[in-house]
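Contents: one structure, followed by commentary.
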Amino acid sequence: MPGLIGQSLGRYTILELLGEGGMAAVYKARDTRLEREVAVKVIRLEAFPALQHERILKRFEREARALARLTHPNIVHINDYGEQDGTPYLVMDFLPGGTLKHRMGAHLTWQESIRLLIPVMRALQYAHAHGILHRDVKPSNILFTESGEPMLSDFGIAKLVESEETQTLTGTGAGIGTPEYMAPEQVRAEDVTPSADIWAFCAVLYELVVGDTPFHAPTHTAMLEHILEVEPTPITQLGHGDERLWAIIERGLAKDPAKRWASMGALGTALAAWLLERGEHHDVCGAPIELQWLKPRGGTGSAASDAEAAAEPAPSATATAPARSRPPSSTPEAVERAPSASPDGEAARGSRSPLVLVLVVLAAAGIIAAVCRYFGIF
Ligand SMILES: Nc1ncnc2c1ncn2[C@@H]1O[C@H](COP(=O)(O)OP(=O)(O)O)[C@@H](O)[C@H]1O
Ligand SMILES: [Mg+2]
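For the sequence shown, the numbering used here assigns the number 23 to the initial residue and increments by one for each residue that follows.
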């Protein structure tokens, strides 16, 4: 939409086109009230049949409000939502550092790659705990601040711009954007859980470590088939990483969501342990890895349970036995919920002990009385 440059959308003056994705164009703009630069994402409503416009607009507004509530240091914040002449737009922080897509060929070491992605994992863990899935984790949705801190963008946008109708039209719901990072259950247009974000995150990690995506195919349809059926080449066979790092990534790319890491926290704990063993103690933002991922956080128990989950042997993605006995939960909150603080057995033991004490005292009193009677003391 080059015609927008120089125009105003509400209080935002459009300055230049930053980039275009499948369903939207992103512009650099000036917020004339706060006098600062912002990024404005304009959804191409014309890509949808006219009959659906009103419903899409309503849904867009509702979901934009939910997304605006996500506040995290590594999530691109949504500042405003507007609509002009039927064109909906989102106003976000402007990130001047480019995207991870642009940095893919930057020859980072394996450790640097993981240190770079740890804050992104934290952002996903936070969103999952708030019941929001990303659904479109990919290198072009990881942007950088001026000082090089990674910021995850476009939370839930894939859901926003997809309607049931477009899903039916494409037959799979996989017609929007690149399928390279799409989990098998998304390809099949099934309900998705945080597991789909874990898959996409591991696909990005694979690409950052190896320099190439885990799945390749000449056509869109062939790519979808590969995602559903073909196992990616181990990174070690391509001369990258080590067996342990591959086991961590492979578990994230298991075709069956139930065989993947149980949560972003469990994956993060495994990657943090891998980094610590190699003498890396801070992520790219300078946050202490051990404190964030491996030390139990009082009360919530989530770091402790993540550490337990991460300590489970990582099964091969092709193994037939499920990686965990608990079935995957459909709600992100349930996935992140901390385990019970006190196992049942312990609770029962705790309530039995006063009773035992009373019986012992009574028995002792009985024995003393019998001895006294025998010796005629009373
Ligand atoms: N907040 C932002 N700040 C700066 N540039 C951005 C921002 N959001 C998106 N962009 C740029 O706009 C491009 C298009 O974004 P988008 O429409 O989300 O498509 P995609 O994520 O598929 O590339 C991105 O690749 C990025 O270069
Ligand atoms: Mg994007």
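We put the beta carbon where it would ideally sit given N, CA and C, even for glycine.
Quantities reported herein were computed from a predicted structural model and do not represent experimental measurements.
Test item: CB-CB of residue i and residue j under 8 Å
i, j, result
"L155", "V98", "no"
"C307", "G274", "no"
"P161", "T121", "yes"
"T109", "V64", "yes"
"Y228", "I271", "yes"
"L289", "I311", "no"
"H242", "P201", "yes"
"R66", "A46", "yes"
"F116", "A149", "no"
"A88", "V159", "no"
"F118", "E168", "One point to set straight first is that residue 118 is Pro, not Phe, in the sequence displayed. Contact flag set, yes."
"M114", "S175", "yes"
"Q406", "G287", "The structure shown does not extend to residue 406, since the chain is modelled only from 23 through 400, so no value can be given for it."
"G263", "V231", "yes"
"E38", "I27", "yes"
"T258", "W268", "yes"
"V62", "Y103", "no"
"A218", "R157", "yes"
"W315", "I220", "no"
"G15", "G233", "Residue 15 lies beyond the range of the chain shown here (23 to 400); nothing can be said about it."
Residues bridged to residue i (per DSSP)
i, result
"E42", "A47"
"Q106", "T109"
"T35", "S30, R52"
"D115", "V60"
"H304", "P310"
"I97", "L174"
heavy atom of ligand 1 below 7 Å from residue i C-beta
i, result
"V306", "no"
"V142", "no"
"N101", "no"
"D115", "yes"
"N96", "no"
"V209", "no"
"A280", "no"
"A3", "Lying before the first or after the last residue shown, residue 3 is absent from the chain, which here runs from 23 to 400."
"V232", "no"
"T109", "no"
"S162", "yes"
"A61", "yes"
"V48", "yes"
"T93", "no"
"T243", "no"
"L146", "no"
"T291", "no"
"T121", "yes"
"L40", "yes"
"L165", "yes"
Extent of the continuous alpha helix (DSSP H) run through residue i
i, result
"D219", "216-232"
"P172", "Run containing P172: none in the alpha helix (DSSP H); it sits in the beta strand (DSSP E), 172-174."
"A72", "Here A72 belongs to no alpha helix (DSSP H), and DSSP marks it neither H nor E."
"L250", "242-251"
"I140", "132-151"
"I311", "311-315"
"K123", "122-125"
"G261", "Careful: G261 lies outside any alpha helix (DSSP H) and carries neither H nor E."
"M286", "286-299"
"V209", "206-209"
Cβ-heavy atom distance, residue i to ligand 2, below 7 Å
i, result
"G43", "yes"
"D176", "yes"
"S423", "A question about residue 423 goes unanswered here, because the residues of the chain that appear run from 23 up to 400."
"S217", "no"
Residue interval of the beta strand (DSSP E) (run including residue i)
i, result
"A61", "58-65"
"I27", "That residue, I27, is in no beta strand (DSSP E); it is neither H nor E in DSSP."
"I164", "164-166"
TODO: Decide if the segment 246-261 is in contact with the segment 202-218; the criterion is three or more beta carbon pairs, one per stretch, under 8 Å apart.
DONE: yes
Open item on the list: With three or more C-beta pairs closer than 8 Å as the rule, is the segment 125-145 touching the segment 68-82?
Closed with: no
Task: Cβ pair count under 8 Å reaching 3, the segment 26-33 against the segment 50-61 - done: The segment 26-33 is in contact with the segment 50-61.
- [ ] Decide yes or no for the touch test of the segment 139-150 against the segment 277-296: beta carbon pairs closer than 8 Å, at least 3 of them.
- [x] The segment 139-150, when compared against the segment 277-296, does touch it at the 8 Å Cβ threshold.
TODO: Decide if the segment 85-95 is in contact with the segment 55-64; the criterion is three or more beta carbon pairs, one per stretch, under 8 Å apart.
DONE: no
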